[in-house]
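Student:
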Amino acid sequence: MIKSEDLGKLLNTLCPMFVLVDDAGGVTQVGPTLQKLRPDQCMMGQSFLDIFELVRPRSITTVAQMLTAPDRKLHLRFQDRPQTAFKGLIAPLPGGAGAVVNLSFGISILDAVRDYALTSADFSGTDLAIELLYLVEANSAAMEASRSLNLRLQGAMLAAEEQAYTDTLTGLKNRRAMDHILGHLISMKSTFALMHLDLDFFKSVNDRLGHAAGDYVLRQAAEIMLEETRSDDTVARVGGDEFVLIFKGMTDREKLGGIARRLISRLCQPMKFEGSPCQVSASVGTALSTQFDVPKAVDILHAADLALYAAKRSGRSCHRFYSDLLGAQQSG
Amino acid sequence: MHGLINRAIQSFVCATYGRQCWLRATQAAALGFDEFEAMLIYDADLSTRVLEALCAELNRPRSEFLEDLGTYLVSHPNMEDLRRLMRFGGVTYVEFLHSLDDLSDRVRLAVSDLKLPDLELQEHSPAEYRLHCSAGLPGYSSVMTGVLRAMADDYGSLVILSNEGRQSEAAVISITLVESAFAEGRHFDLGARKS
Numbered sequence: 009m010i011k012s013e014d015l016g017k018l019l020n021t022l023c024p025m026f027v028l029v030d031d032a033g034g035v036t037q038v039g040p041t042l043q044k045l046r047p048d049q050c051m052m053g054q055s056f057l058d059i060f061e062l063v064r065p066r067s068i069t070t071v072a073q074m075l076t077a078p079d080r081k082l083h084l085r086f087q088d089r090p091q092t093a094f095k096g097l098i099a100p101l102p103g104g105a106g107a108v109v110n111l112s113f114g115i116s117i118l119d120a121v122r123d124y125a126l127t128s129a130d131f132s133g134t135d136l137a138i139e140l141l142y143l144v145e146a147n148s149a150a151m152e153a154s155r156s157l158n159l160r161l162q163g164a165m166l167a168a169e170e171q172a173y174t175d176t177l178t179g180l181k182n183r184r185a186m187d188h189i190l191g192h193l194i195s196m197k198s199t200f201a202l203m204h205l206d207l208d209f210f211k212s213v214n215d216r217l218g219h220a221a222g223d224y225v226l227r228q229a230a231e232i233m234l235e236e237t238r239s240d241d242t243v244a245r246v247g248g249d250e251f252v253l254i255f256k257g258m259t260d261r262e263k264l265g266g267i268a269r270r271l272i273s274r275l276c277q278p279m280k281f282e283g284s285p286c287q288v289s290a291s292v293g294t295a296l297s298t299q300f301d302v303p304k305a306v307d308i309l310h311a312a313d314l315a316l317y318a319a320k321r322s323g324r325s326c327h328r329f330y331s332d333l334l335g336a337q338q339s340g
Numbered sequence: 014m015h016g017l018i019n020r021a022i023q024s025f026v027c028a029t030y031g032r033q034c035w036l037r038a039t040q041a042a043a044l045g046f047d048e049f050e051a052m053l054i055y056d057a058d059l060s061t062r063v064l065e066a067l068c069a070e071l072n073r074p075r076s077e078f079l080e081d082l083g084t085y086l087v088s089h090p091n092m093e094d095l096r097r098l099m100r101f102g103g104v105t106y107v108e109f110l111h112s113l114d115d116l117s118d119r120v121r122l123a124v125s126d127l128k129l130p131d132l133e134l135q136e137h138s139p140a141e142y143r144l145h146c147s148a149g150l151p152g153y154s155s156v157m158t159g160v161l162r163a164m165a166d167d168y169g170s171l172v173i174l175s176n177e178g179r180q181s182e183a184a185v186i187s188i189t190l191v192e193s194a195f196a197e198g199r200h201f202d203l204g205a206r207k208s
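Same order as they appear, the protein sequences are chains B and Z. Residue numbers for the first sequence follow our numbering, so the first one is 9 and each next one is one higher. Residue numbers for the second sequence follow our numbering, so the first one is 14 and each next one is one higher.
Here's what the structure looks like:
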């Protein structure tokens with residue numbers, strides 16, 4: 009049978025983080041790398057459990073239990089600081105002469121090489137530690153390159169969104185597009201009607217059923233508005249639950265009144281989001297470009313706004329023309 | 014051509030000759046952009062054009078330019094990460110030379126779509142080696158010559174390198190180790206981490 013010192017020499021080469029313990033748990037030999045971790049404290053002669061704390065299996069508290077444990081895998085750490093963690097494998101020597109415990113850093117390798125200034129000479133030739141360290145560094149370098157690309161793409165996306173004309177939630181035009189179209193119509197001296205539509209009770213849907221329900225309602229409302237308008241009309245979402253509809257070349261009050269009525273009546277129909285009813289309604293105010301001698305975007309929007317608030321004051325689900333407001337003011 | 018290779022050329026030129034030089038070359042090569050992304054793949058033709066433009070602009074032969082690129086890759090402070098990765102190859106310069114056989118596999122471990130030509134080291138005596146660089150990436154052996162030279166400095170070894178032409182498709186670099194511990198070399202701390 010191999011003598012214990014020969015065994016020690018063999019283990020020095022094969023697994024430089026071994027511990028040889030006798031049947032009483034005393035440390036008789038230690039691998040050079042393991043001893044390097046505690047240069048001022050000679051491990052030989054100490055009790056194994058004075059140096060190492062057994063983290064798992066928790067049921068084991070004595071060396072005798074450790075030597076006969078059915079599961080030979082151990083999780084350990086140093087009793088003193090730094091409390092480096094180890095994975096351990098225990099192999100009993102024949103004849104109850106103690107055991108070899110081979111330790112490895114496991115995932116704590118990254119801290120260990122730094123804390124103890126280890127070099128590749130401290131690992132056995134077949135240990136994958138160096139490859140692991142290489143991979144960690146190579147991956148983090150590669151990740152950094154990817155991350156900087158992602159950041160640049162994100163920046164480009166934000167810039168593109170800022171210049172976009174589409175409201176990403178509903179697919180309608182956004183405020184920027186609406187401003188652009190309105191400016192164009194005015195500069196071309198086109199006649200048009202501008203409707204300002206506001207969803208009533210939208211906030212309560214959002215509060216009661218959450219943002220997903222709110223988003224659903226906005227998309228449904230957008231679809232209704234697209235269906236009730238012509239393809240060359242403009243439907244824009246200009247705020248949370250506010251929409252502007254521009255009808256090019258249309259100043260017929262009856263037709264506009266009819267469109268507003270249909271919009272309101274369809275938007276008042278309860279929608280279902282994941283089984284829960286969402287009830288909103290709409291108030292609409294309309295201004296006509298022909299009411300202004302020199303139409304300006306800001307004036308027309310303001311006029312439609314005033315009409316909208318008049319509609320709201322009349323109760324929900326109403327439509328008002330700005331021209332009626334003027335009449336009312338003049339007569340009143 | 015992998016973006017990392019293009020990016021390496023860009024980084025080398027900007028650090029060594031200045032950004033203006035790089036911008037002039039991208040215009041001369043009609044790239045249509047002036048910044049390569051490290052993790053995208055580009056048409057190989059773009060790399061060829063920008064390399065030609067750079068060599069014309071700097072009035073230097075391509076092999077010299079690429080050798081300097083190789084030196085830059087492992088010795089410039091910008092490239093400390095790469096130097097560390099190369100130092101994982103071994104504790105001594107000779108170990109490092111032997112580790113070059115695995116270089117293309119190691120690179121693929123880190124960046125799976127970056128395929129570098131295979132390298133094969135032949136030892137003729139403990140002081141004489143030949144590195145065979147397989148075909149596939151024109152100019153690779155020039156870059157490797159620069160890398161070998163800079164890494165010799167890094168390990169503190171004194172070497173003589175020369176290009177031996179081609180041997181059945183592979184470009185051959187001969188390496189003569191004059192002294193393995195000629196100078197102190199640079200420190201390599203396994204556990205060093207960026208703050």
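Backbone N, C-alpha and C fix where the C-beta goes; we use that ideal spot for every residue, glycine too.
Which whole-angstrom value is the C-beta distance of residue 22(B) and residue 108(B), which I expect to be below 8 Å?
Tutor: Here residue 22(B) refers to the residue found at position 14 of the first sequence. Here residue 108(B) refers to the residue found at position 100 of the first sequence. Incorrect: roughly 10 Å between the Cβ atoms, too far for contact.
Student: Going by the CB atoms, is the gap between residue 150(Z) and residue 132(Z) shorter than 8 Å?
Tutor: Indexing the second sequence from 1 puts residue 132(Z) at position 119. Indexing the second sequence from 1 puts residue 150(Z) at position 137. Not closer than 8 Å, so no.
Student: What residue range is occupied by the uninterrupted beta strand (DSSP E) comprising residue 110(B)?
Tutor: The residue you call residue 110(B) lines up with position 102 of the first sequence. Here the beta strand (DSSP E) through residue 110(B) covers 107-112.
Student: In terms of DSSP beta bridges, what is residue 243(B) paired with?
Tutor: As a working note, residue 243(B) is residue 235 in the first sequence. Bridge partners of residue 243(B): 253(B).
Student: Determine the chain Z residues that contact residue 141(B) at a beta-carbon separation under 9 Å, and present them in chain order.
Tutor: The count along the first sequence starts at 1 and reaches residue 141(B) at position 133. Within 9 Å Cβ-Cβ: 101, 203, 204.
Student: Assuming the contact rule is C-beta atoms closer than 8 Å, residue 83(Z) and residue 14(Z) should be a hit. Round their C-beta distance to whole Å, please.
Tutor: The residue you call residue 83(Z) lines up with position 70 of the second sequence. The residue you call residue 14(Z) lines up with position 1 of the second sequence. Rounded, the Cβ-Cβ distance is 17 Å, inconsistent with contact.
Student: Span of the beta strand (DSSP E) holding residue 208(B)?
Tutor: For the purposes of this step, residue 208(B) is identified with residue 200 of the first sequence, where counting begins at 1. Residue 208(B) -> beta strand (DSSP E) spans 200-208.
Student: For residue 80(Z), count neighbouring Cβ atoms within 10 angstroms of its own Cβ and tell me buried if that reaches 16, exposed if not.
Tutor: For the purposes of this step, residue 80(Z) is identified with residue 67 of the second sequence, where counting begins at 1. Buried, since its Cβ has 16 or more Cβ neighbours within 10 Å.
Student: Tell me, to the nearest whole angstrom, how far the beta carbon of residue 272(B) is from that of residue 292(B); I am working on the premise that it is less than 8 Å.
Tutor: In the first sequence, residue 272(B) corresponds to position 264, counting from 1. In the first sequence, residue 292(B) corresponds to position 284, counting from 1. At roughly 6 Å, the Cβ-Cβ gap stays under 8 Å, so residue 272(B) and residue 292(B) are in contact.
Student: Report the rounded CA-to-CA distance for residue 98(Z) versus residue 174(B), giving the unit in angstroms.
Tutor: Numbered from 1 along the second sequence, position 85 holds the residue referred to as residue 98(Z). Numbered from 1 along the first sequence, position 166 holds the residue referred to as residue 174(B). Approximately 47 Å between the Cα atoms of the pair.
Student: Please determine if the region 279-287 of chain B and the region 221-234 of chain B are in contact, where contact requires at least 3 C-beta pairs separated by less than 8 Å.
Tutor: Cβ pair count under 8 Å is three or more, so yes.
Student: Give the residues of chain Z in contact with residue 157(B), contact being defined as C-beta atoms less than 9 Å apart.
Tutor: Within the first sequence, the letter at position 149 stands for residue 157(B). What residue 157(B) touches in chain Z: 16, 50, 51, 52, 53.
Student: Any idea if residue 162(Z) is buried or exposed, counting beta-carbon neighbours within 10 angstroms, 16 or more meaning buried?
Tutor: Counting from one through the second sequence, the residue named residue 162(Z) turns up at place 149. By the 10 Å Cβ count, residue 162(Z) comes out buried.
Student: Quick one: any contact between the region 56-69 of chain Z and the region 135-145 of chain Z, if contact means 3 or more CB pairs under 8 Å?
Tutor: Flag = no, the region 56-69 of chain Z and the region 135-145 of chain Z do not touch.
Student: Can a CB atom of chain B be found closer than 8 Å to the CB of residue 94(Z)?
Tutor: If you number the second sequence from 1, residue 94(Z) lands on position 81. True, the Cβ-Cβ gap to chain B drops below 8 Å.
Student: Note down, one range per segment and in chain order, each beta strand (DSSP E) of at least 3 residues found wholly within the region 259-320 of chain B.
Tutor: Segments of the beta strand (DSSP E) lying fully in the region 259-320 of chain B: 279-281, 284-286, 289-296.
Student: For residue 319(B) and chain Z, any beta-carbon pair shorter than 8 Å?
Tutor: To locate residue 319(B), count along the first sequence from 1; it is residue 311. Residue 319(B) does not count as touching chain Z.
Student: Look at residue 125(B) and residue 103(Z) and say whether their C-beta atoms are less than 8 Å apart.
Tutor: Reading the first sequence from its first residue, position 117 is the one you call residue 125(B). Reading the second sequence from its first residue, position 90 is the one you call residue 103(Z). Not a contact, by the Cβ cut-off of 8 Å.
Student: Kindly indicate which three-state DSSP category residue 337(B) falls into: helix, strand or coil?
Tutor: Along the first sequence, one-based indexing puts residue 337(B) at 329. Residue placement at residue 337(B) is poorly supported in this model, since its pLDDT is 49, which falls under 50; the coordinates are not used for a value here.
Student: Pick helix, strand or coil for residue 121(B), following the three-state DSSP scheme.
Tutor: Position 113 of the first sequence, counting from 1, holds the residue named residue 121(B). Looking at residue 121(B) - three-state DSSP - the assignment turns out to be helix.
Student: Tell me which same chain residues have a C-beta within less than 7 Å of the C-beta of residue 329(B), skipping the five on either side of it?
Tutor: Within the first sequence, residue 329(B) is the residue found at index 321, counting from 1. 261, 294, 315.
Student: Once DSSP output is grouped into helix, strand and coil, what is the label at residue 92(B)?
Tutor: As a first step, residue 92(B) is located in the first sequence; it is residue number 84 there, counting from the start. If DSSP states are grouped into helix, strand and coil, residue 92(B) belongs with coil.
Student: Pick out whichever of 88(B), 87(B), 82(B) has its Cα sitting closest to the Cα of residue 98(B).
Tutor: On the first sequence, position 90 is the one that residue 98(B) refers to. Comparing Cα positions, the closest option is 82(B).
Student: Taking the alpha-carbon of residue 152(Z) as reference, which of 106(Z), 78(Z), 30(Z), 38(Z) has the nearest alpha-carbon?
Tutor: Taking the first residue of the second sequence as 1, we reach residue 152(Z) at position 139. Selected option, being the one with the closest Cα: 78(Z).
Student: Would you kindly check if the distance between the Cβ of residue 322(B) and the Cβ of residue 296(B) is under 8 Å?
Tutor: For the purposes of this step, residue 296(B) is taken as residue 288 along the first sequence, with counting starting at 1. For the purposes of this step, residue 322(B) is taken as residue 314 along the first sequence, with counting starting at 1. No, Cβ-Cβ distance for residue 296(B) and residue 322(B) is not below 8 Å.
Student: Roughly how many angstroms separate the alpha carbons of residue 18(Z) and residue 280(B), rounded to a whole number?
Tutor: Along the second sequence, one-based indexing puts residue 18(Z) at 5. Along the first sequence, one-based indexing puts residue 280(B) at 272. When rounded, the distance between both Cα atoms is 55 Å.
Student: Which residue wins for smallest C-alpha separation from residue 123(Z), given the options 62(B), 142(B), 313(B)?
Tutor: For the purposes of this step, residue 123(Z) is identified with residue 110 of the second sequence, where counting begins at 1. Nearest option by C-alpha distance: 142(B).
Student: Based on Cα-Cα distance, which residue from 178(B), 193(B), 146(B), 151(B) lies nearest to residue 245(B)?
Tutor: Taking the first residue of the first sequence as 1, we reach residue 245(B) at position 237. Out of 178(B), 193(B), 146(B), 151(B), 178(B) has the C-alpha closest to the C-alpha of residue 245(B).
Student: Mind checking whether residue 201(B) and residue 264(B) have CB atoms under 8 Å apart?
Tutor: Translated into the one-based positions of the first sequence, residue 201(B) becomes position 193. Translated into the one-based positions of the first sequence, residue 264(B) becomes position 256. Yes; because the gap between Cβ atoms is below 8 Å, this pair is in contact.
Student: What does DSSP give as the partner residues of residue 172(Z) in its beta bridges?
Tutor: The sequence position of residue 172(Z) within the second sequence is 159, counting from 1. Residue 172(Z) is bridged to 190(Z).
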